[in-house]
Amino acid sequence: MPKSKWEFWIDRGGTFTDIVARSPQGKIISHKLLSEHPERYDDPIIQGIRDVLNLNTNEPISGKEIAMIKIGTTLATNTLLERKGEKVVLAITQGFGDALRIGYQNRPDLFALNIVLPPLLYDKVIEIEERVGAHGEILKRLDGQKTTQALQVAYQKGYRAIAIVLMHGYRYHHHEKQLRKIAKQIGFQQISVSHEVAPVMKLVGRGDTTVVDAYLSPVLQRYIQSLQKTLKHLPLLFMQSNGGLAEARFFRGKESIFSGPAAGVIGMVKTSQLAGFKKVIGFDMGGTSTDVSHFAGEYERSYISEFAGVRLQTPMMLIHTIAAGGGSILHFDGSRYIVGPDSAGANPGPSCYGRDGPLTITDCNVIVGKIQADFFPQVFGPQGGKAIDVAIVRKKFAQLTAEINQATGGQQTPEQVAEGYLHIAVENMANAIRRISVQRGYDVSQYLLNCFGAAAGQHACLVADRLGIKRILIHPLAGVLSAYGVGLAELRILKECPIEQPLKQAMEAVLKLKLTELEEQNQNALQAQGMQTDTMIHTRRIHLRYDGSDTMLTVEFSAIASMRKAFALEHRRQFGFASAQKSLIIEAVSVETVLATQMIVEKDCDLVHRPQKEIPVSKVVSLFSHSRTHQAPIYHRQDLQPGDCIQGCAIICENNATTIIEPGWQAHVTEKNHLLLTRYQPLPKQKITRTSVDPVLLEVFNNRFMNIAEQMGEVLRNTASSVNIKERLDFSCAIFDSQGELVANAPHIPVHLGSMSESVKSILNATTRLLPTSRGLTTGSSELARSIDPAVKPREVGDIDRDKQCFTTIRPGDVYLLNSPYDGGTHLPDLTVITPVFSENKQQLLFFLGSRGHHADIGGITPGSLPAKSKVIEEEGVLINHFKVVDQGRFLEAETLKLFTKARYPARNPKQNLEDLKAQIAANARGVHALWDLIAQFDLKVVQAYMKHVRDNATLAVRKLLTRLKDGHFCYHLDDGSAIKASITIDKAKKEACIDFTGSAPQHDGNFNAPLAISKAATLYVLRCLIYENIPLNGGCFVPIKIIVPPSSLLNPVYPAAVVAGNVETSQCIVDTLLGALGAVSASQGTCNNFTFGNAEYQYYETICGGAGAGPGFAGASAVHTHMTNTHLTDPEVLEWRFPVLLEEFSVRSNSGGKGKWCGGDGIIRRIRFLQPMTANIISSHRKIPPYGLQGGAPGKVGRNWVERANGTIEELDSCASVQMNAQDIFVIETPGGGGYGKP
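In UniProt numbering, the protein residues as written are 1 to 1240.
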C-alpha cells in the first residue's frame, strides 16, 4: 500500500462523525463534526475529508491523494430504527406467512395496555407451496409454475428485493436454491436466501435476519454509490458487525447493524494490548447511548441477538448497549430523579447546543464545571463556529432546582442537583458493566477500564469506583477511538455451518471435513474482494451445548476429549457448574479467517519527570464533585509529556474529549503517550449515614435492587435445564426484606408478581426463627455452601425429621423449597426456592432471595403436570411445603429426590428437577453476593432503609393513580358459568381503595381455582398497567389497597382444591374483570391456551397467543401474549427437530377481533400434526363466552379446539380436554380475539 497517500478512518455515529486520518508523512490527525448539520453540508464523511484536506465545500476530492478510506457507520442502524429500508417481499413456506409477524409471541412492554409491536420490515408475503421435514424428507415439492406466477406479480408491483425463507432451509437447500433461480430470472435485484444469510436452525431468527439483509443491503449499496460519485474509484472498506472489514461491494445488510460499535471494540482491544493489558472492559459513552464490552484474550461474539424489535442470527461483537449517553434527558417525577431512557439526540441535542433542547447529562457536566465552554468543540450555531450556551443551561437548571426543592422541601443548589443526576447515570453505566462481567463470572476488579467516546472520560473515574476497578486507560484518540479502531481492524470473514449432532469420536472426521470446506469458502471470498490471501489465518471453532439446552458455548476445535474439557471449564466459569453425565450436541462449526493488515506502530517516547507544578496550566476553574467545590486546573492534552503525573481534582482537555481526574485518582502519561489513570488513594467508603429518603439515592437503589433481581434471572436462565425456563422464560426472581416484604421483582412473568412474598412469609410463619445452634460446624468445605454464604462452613446433616418437610430453624446456609398454592404458590410446576441471608455474625436475619421457575414436570396424572380434568391437588403433582432443600450449605439431594419420587403421582424426570433446583439456588446465590456488594458500598442500615423507601415510593405512585380512578363494578363469567365479581371503591380523600371480590363463585369442583397469591398478583399487575411510569414492583403497591377475597371461593381456595387452571386461566379472567370495572380497556383473549402433549419419552408445554383488547384511542394488537403471561413460543424448526410433530400452520386468525371504533386484536390458528401416538391436553377459556367489548365495541370471537383424525372425522373439544392422538391426527387450536372499543 503506498505510504505517500492519505488514509481516512471514519466512524459515522448518531451525534458526531469522527475522523482519524494518517497523512503521507505518517502523522495521525483527528477531526470531529456533527453527523447532521443540513445548514452546512449534506454528508459528514465527505465534508470531514474536505476539512482535513483543507478543501472548500464544492472542491473535488482527488483520488491521487488518498490510498484508502475505511468506514464504520450507523446508517444501517438508523435505517432499521426509522424503518426506511427497501420495499421487500417475503417468500416463505405455506402456512407460515405470519410466522415472522408473530415471532415468539411475547410483547415488548410487559405493562402496556396499548401493545405496540415493532413494524414489519417486509411489505408483502408470498406463501410458497413446498414442505421439507426436519430430517430432510420432501413432504411437498416446490410448485415452480405457481411460484413463478406469484413472484412475477410482486415484481410487476415494483418489488425488487426478496427474502427467501423456507422451513428447514438452513440444512436442506434444494427448494431455496430453486426459488432463488426463479427470482433471478424474473429480475429481482436483491435476493437474500436464508441458508446463505444465516445457515442455522430457528425459522424466526433466520427469517428475520434474511429479511434484514434484503431490507438494508440496497440502502447500503446506494449510499456507497453516492459516496463513490464524489470519491470516484477510491478503495472503500466498511466495518462489519463481526469486527472485520469488508470491501464495499461485499458489505451486506445483515453485517452492518453494529458497524460503528464493533469498530470501538477493535480500537479498545488493540490499544489496550499496545499498552500491555490483556483483560479489558470497554466503556464507550457517546451522545445517545453507552456501549460496554469485555475482552479476556479473544473477541466475544453473540450469535443470537435482538435489535429494534428484529431477531438476528448472525455473528456480532458482544456489546451491551444502554440508553445512557451525554444526551440522556433528565426527569423529576416529584420524588425521584430519573435519567433517560429518552435522548435529545443530535438535533436538537442538549440544552447547551443552543437548539432549545432539554436538560441532559451533558448539561449536568456543564453545571458542575466538568465541561468548560472554552475547551469544548465550537461546532454549534448556523455556521458551526459557536461555543456551547452555558447561560441557557444555568437558567433551566435554576428552574429544575426550584421545582425539586419545592417538592422535597430541600435546599439543593443547581450543582448538587446536577451531581445527583450524574450519580444515577454512573450507576446505570456500572450496572451495564456488571451485566457483561460479574454476571458472567468475571472478577471485574482485576480489569483495565478502557474509556472512549466523546463523554466517557467525563465519567471514567466515577464508573471505575463503582466497580472497584483501579486502572483506566485513556488513549490519545479516545474521543474518536471507534474511528481509530476502523483503521486498526483486519479484513475478516466468519462462516458457519449447522451440524446438530452429538459430540462423539466418530464425528471428528466429519468435523474436519466441514471445517476445511469453510476455510476454502473464506479464502475464495477474500480473493473475490481482490485480496492477497498469503497472510490469512484460520481459527476453527465448535459451537456446543448440552442436550436439551439452548445455551451454546464456543470452543476451539481440537480432539473430542479436549473439547469436552474446554466446554466444561467454560460452563463452570460462567454458570458455576458442569455436568459430566450430560451429552453434548454440536450445534454448528465455524471458521474465522483473518487477513492481517499493516499494524499501527505507536512508538515509545523518552520519559520526562517534572513536578506537577511545572506542567502548563491553561486555566483554574471551579469544579463541583463529591459534594464540594474544588479548584481544578485545566491541562491541554497536547501540553502533556510522557512521564507527567497529574493528581486530581483536575481536567484534561483535548480537541475531541474531556477527561476528569477525580479526587484520589492520578493520571500518568506513559511512554506511548497514553493516559493511564490509577487510584492512588484507597476508595473511601461512602459516608451515607442519613437513612431518610434522598431523591437521588432513591433512584440509585431502585435501579440497583432491580438490577440484582435481573442478574439472578440471567443466571437462572443460563443454568436451568428445563425448556420452560431457558426458552419460554417462565420464571421470576425477587428480593425481600427480613419480614418477607417484596423489595424488587424483576418483571419476567406477571402471574408471579408479588406472590412470592406470601411464600416467604409462610416460611417465616412455619419456622421458629432460632439463632444458629452453638454446636460447631465441623465438616469439610462445600462449594455450594460458599456460593450461598462464603462465611458458612457446612456441617453434617443432623436433627432432621425426614418424614416432615418443615424444619423448625432457619440457619445461615439454608435454602427452602415450596410450591404449595395455599402458601403463596401459583400452581405445582412453579417451584419456588427461598434463600435467607444472615448478618456477618450470623445473629440477625437480614433478607431473603427468591426464584420461581416452571419445571417441565412435577408429577400428576398427565405429562407436564397440567391435567385438563384434575379435581384435587394431588392429581396435579407433588405438593411441597417449606421443604429445606439445602441445610447449612449441604444440598439434600437424596431427600429431595425422595420427595419427587415417593408421591402418589411422582415426577417423571426428577433428575431434571434437581438440575433446575440447582440453577435456582445458584440464581439466589448470585443475589446474595450482589446484596453484600451493595452493603459494602453503602452500609447495612442504609440498604435496609432504602428497602423501605422504595416501597414507600411505590405506595406514593399507587396513591397518585387512585386520584385518577373511579368506582366500578364488573361481573365476568367463565365458560362453565362461574362468576368473578369485583367492586372497586376509591376513597380519594385518603387515597385508598378497596377491591372486593365478594359474590364471586364458590370453590370450583375442577381446577379453575385461583390461589390467593394469584388474585393479588393480578391486582398488582392491573395497578402497574395503569401507572404511566416505571415504578418499582414491590409490597408498597398494596399499602393503599384493601383486597377482600372470601375464603373457600374460586379466588381463595383451600386444600385440597385443584388449581392448575387457576394460575393460567382464572388469573387472566381476574385481570379482565378489574379492567372492566375501571372501564380501562376491553377484554383480551382471556386465556393462555395451555397446550401439552407427551408420552413416556416426550413432554412438551406451550401457551399460545391471541388478540389484545382495544382501548380508548388504540386498536388491540393481534397474535400476542397478553396480561398474566409473556412466555416465548418454541421456534417451529426446533419444535419439529425435538418432537415427532409437524407444524402445518401458524397464522393470524383474520377478523376474529371485535369490531369497534377501535377494533380488538385477532387471535391465531395453530395446526399440529402428530407423527407418533401421544396424549394431548388443552386448558383454555373463551370457547363459549366471548371476550367483552366496551363503550359499544363488539366482543371478540370465541376460540375453538378440535381434532382432525387421519380418517377425516372431526372431533370438537371443550375448553378443557384430554385426548389420545394417533399418528397423522391433527390438533387444531383457534384462539380468541380481543374485544372492540367504542361504537364502530
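Idealized CB from N, CA, C, for every residue including glycine.
Checklist entry - Is the CB-CB distance between Y170 and V132 below 8 Å? => result no
Item to check | Inter-residue CB distance, F557 and I542 (contact presumed, cutoff 8 Å) | outcome: 5 Å
Next on the checklist: Measuring alpha carbon to alpha carbon, tell me which residue in V1219, A198, D547, P382 is nearest Q581.
Outcome noted: D547
Next on the checklist: So, at 7 Å on beta carbons, what are the nonlocal neighbours of Q521 in its own chain, with the 5 sequence-adjacent residues on each side left out?
Outcome noted: K495
Item to check | Separation of I126 from S1147, as counted between CA atoms | outcome: 13 Å
Item to check | Counted within 10 angstroms of its Cβ, other Cβ atoms place I29 as buried (16 or more) or exposed | outcome: exposed
Checklist entry - Can you tell me whether H571 is buried or exposed, with buried defined as 16 or more other CB within 10 angstroms of its CB? => result buried
Checklist entry - If you run the structure through DSSP and keep just helix, strand and coil, what is K619? => result strand
Checklist entry - Assuming R1167 contacts V1228 under a Cβ cut-off of 8 Å, what Cβ separation, rounded to an integer in Å, is found between them? => result 5 Å
Checklist entry - Opposite C451 in the DSSP bridges: which residues? => result F283
Checklist entry - How many Å lie between S782 and T1175 at the Cα? => result Confidence at S782 is low in this model, with a pLDDT of 31, below 50, so its placement is unreliable and no value can be given for it.
Checklist entry - Excluding five sequence neighbours on each side, which residues of the same chain lie with their C-beta closer than 6 Å to the C-beta of F997? => result A982, V1045, L1051
Checklist entry - Hey, F567 and L544: beta-carbon distance below 8 Å or not? => result yes
Item to check | Distance CB(A489)-CB(L245) smaller than 8 Å | outcome: yes
Checklist entry - When DSSP labels each residue in this structure, what does D803 get in the three-state scheme? => result Caution applies to D803, whose pLDDT of 37 falls short of 50 and renders its modelled position unreliable; the value that the coordinates give is listed next. Three-state DSSP puts D803 in coil, outside helix and strand.
Checklist entry - Can the beta-carbon of I1164 be found closer than 8 Å to that of R1149? => result yes
Checklist entry - From this set, I1179, L676, R311, S865, which residue's C-alpha is nearest T1087's C-alpha? => result I1179
Next on the checklist: If distances are taken between C-alpha atoms only, which option among T862, P502, V872 comes closest to P906?
Outcome noted: T862
Checklist entry - If we ignore side chains and look at the alpha-carbon of each, how far apart do D976 and Y946 end up? => result 47 Å
Checklist entry - With Y215 and G253 assumed to form a contact (beta carbons below 8 Å), what rounded beta-carbon distance in angstroms separates them? => result 6 Å
Checklist entry - Between N1069 and T1231, which are expected to be in contact by the criterion C-beta below 8 Å, what is the C-beta distance as a whole number of angstroms? => result One detail in the question is off: residue 1069 reads as Cys in this sequence, not Asn. With a Cβ gap of about 15 Å, C1069 and T1231 do not count as contacting.
Checklist entry - Expressed to the nearest angstrom, what Euclidean distance is found between the alpha-carbon atoms of V1081 and F111? => result 13 Å
Next on the checklist: Can you tell me where the beta strand (DSSP E) holding G1163 begins and where it ends?
Outcome noted: 1163-1170
Next on the checklist: I'd like the span of the alpha helix (DSSP H) that includes Y155, first residue to last.
Outcome noted: 144-156
Checklist entry - Do we get a CB-CB distance below 8 Å when we pair S732 with the residues of chain C? => result Of the protein chains in this structure there is only one, and it is not chain C.
Checklist entry - Can you give the Cα-Cα distance for I338 and V310, rounded to whole angstroms? => result 28 Å
Item to check | Nearest-angstrom Cα separation, counted from Q574 out to H626 | outcome: 36 Å
Checklist entry - Going by DSSP, which residues form a beta bridge with D291? => result D284, T321
Next on the checklist: Using a Cβ-Cβ cutoff of less than 7 Å, which residues in the same chain neighbour K966 once the five nearest sequence positions on both sides are dropped?
Outcome noted: I986
Next on the checklist: Whole angstroms are fine: how far does the CA of W1137 sit from the CA of L312?
Outcome noted: 20 Å
Checklist entry - What span of residues does the beta strand (DSSP E) with Y1101 cover, start to end? => result 1099-1102
Next on the checklist: Does I935 come out as helix, strand or coil in the three-state DSSP assignment?
Outcome noted: helix
Checklist entry - What is the DSSP secondary structure of N1201, counted as helix, strand or coil? => result strand
Checklist entry - Excluding the five sequence neighbours on either side, which residues of its own chain have a C-beta within less than 6 Å of the C-beta of P790, listed in chain order? => result With a pLDDT of only 35 at P790, under 50, the local geometry of the prediction cannot be trusted, and no value is derived from it.
Item to check | Closest Cα partner of F307 within the set E255, S1048, L274, S1049 | outcome: E255
Checklist entry - Where are the beta strand (DSSP E) runs, 3 residues long or more, that stay fully inside the segment 931-1011, in chain order? => result 968-973, 979-987, 992-996
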